[in-house]
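The structure appears below as C-alpha cells.
Residue numbers (full-length UniProt numbering): 1 to 287.
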C-alpha cells in the first residue's frame, strides 16, 4: 500500500490478478487508497471521481507503475452514470469482479436546520447511487455467472459497500448521513441473499474516524469542498477530534491505507465463504 510519498508497487501475480475492480469516489482519500491497494494486488481498476483531473491522475499513477487502470469520471448520482460505469468496465477489461461503493461526503446539520435537499442529497449519494450501480451490474454478472456454472467453474465476485459507524449508532448532526449509511446495510444483506446463487460475496465496511479532508481539523477559517455546485463545509472541531482520539481504544484516527486494508479483506479470495457481513474499521471505537 502507498501513501502520497511512497511508490506504488504492482504485484502482477497478487491475489487479485486480472480481477476487474470498479471503485467509486477513488480519486482522493480512502477511495484512492482502495484503488492503489487493489491495483497493488494485480487488479485492473476502474477509477471514478467527481473531479476528472483527480480521477485521471489516480488511473495514470496505476498505469505508470505497470498496472491497468482507466478513469470513468462524473457524479455517481447522475442517472446515466451507472450504465456508463459498468459498460466502460466491460468494454475496457471484459468483465466485472469487484465493486466498491465508496463515493460520498457529509452535509451536516441538526434536524431542525436540515433541509429536504440536504437530506435527499445524502440518500442519493450513499444509498440510491450504490443501488443503481449494482442494478446496472446485475445482468452482466448473471450472464457471466451462468456461463461459468455451465462450464463447471466456481468464480467468486465481490461487492463491498462503504458504510459508517454513524449508520450503526447514529451521530448528532448527521440524521441524513446516518440514515443513508444505515440503509446501505439493508441493501448489502438483501443482495447477499439475491446474489449468492451467482457466487457474489456482498459485504460492508463501516469506518470510524479516518484521516481525510472531510475529517481534517477546522482551522481559523473552515474549509469547503464543491459538490455539484454546492459549497459543503468540511472538517471537525479540534477539541472534538481530540476527544474522539482519546475515546478510540487504539488511541488515534485511522489512516486511509488502513481503511483500504479493511476493504481488501472482503475482496481477497480468503473471503469467498463470507457474505452479508458488516466489518467495523474504527480502532475499537463504538459511538
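In this text, a Cβ means the ideal position worked out from N, Cα and C, and glycines have one as well.
* Asked: Quick one: what's residue 174 bridged to in DSSP?
  -> 109
* To do: Could you tell me the distance, in whole angstroms, from the CA atom of residue 145 to the CA atom of residue 242?
  => 48 Å
* To do: Measure the CB-CB distance between residue 201 and residue 184 and report whether it falls below 8 Å.
  => no
* To the nearest angstrom, how far is it from the Cα of residue 262 to the Cα of residue 282? -> 10 Å
* **Where residue 278 sits in the DSSP three-state scheme** => strand
* Asked: Can you name the start and end residues of the alpha helix (DSSP H) that residue 258 belongs to?
  -> 256-265
* To do: Kindly indicate which three-state DSSP category residue 26 falls into: helix, strand or coil?
  => coil
* Quick one, are the C-beta atoms of residue 58 and residue 84 less than 8 Å apart? -> no
* In the DSSP assignment, what residue or residues form a beta bridge with residue 7? -> Answer is none; residue 7 lacks a bridge partner.
* Cβ neighbour criterion (16 or more within 10 Å) applied to residue 174 -> buried
* Asked: What residue from 106, 69, 129, 269 has the CA that sits closest to residue 94's CA?
  -> 69
* Which term fits residue 64, buried or exposed, when burial requires 16 or more other beta carbons within 10 angstroms of its beta carbon? -> exposed
* Examine the ligand COA and report whether any of its heavy atoms sits within less than 7 Å of the Cβ of residue 230. => Annotation note on the ligand COA: not contained in the displayed structure, which lists no ligands.
* Under 8 Å Cβ to Cβ from residue 134, same chain only, skipping five residues before and after it: list those, please. => 99, 101, 159, 187, 191
* **For residue 107 and residue 213, the rounded distance between their alpha carbons** => 14 Å
* Can we say the region 243-250 touches the region 16-24, given the rule of at least three CB pairs closer than 8 Å? -> no
* Which residue from 44, 167, 77 puts its Cα closest to that of residue 131? -> 77
* Helix, strand or coil at residue 253 [DSSP, three-state] -> coil
* To do: With DSSP collapsed to three states, give me the class of residue 17.
  => coil
* **Where residue 268 sits in the DSSP three-state scheme** => coil
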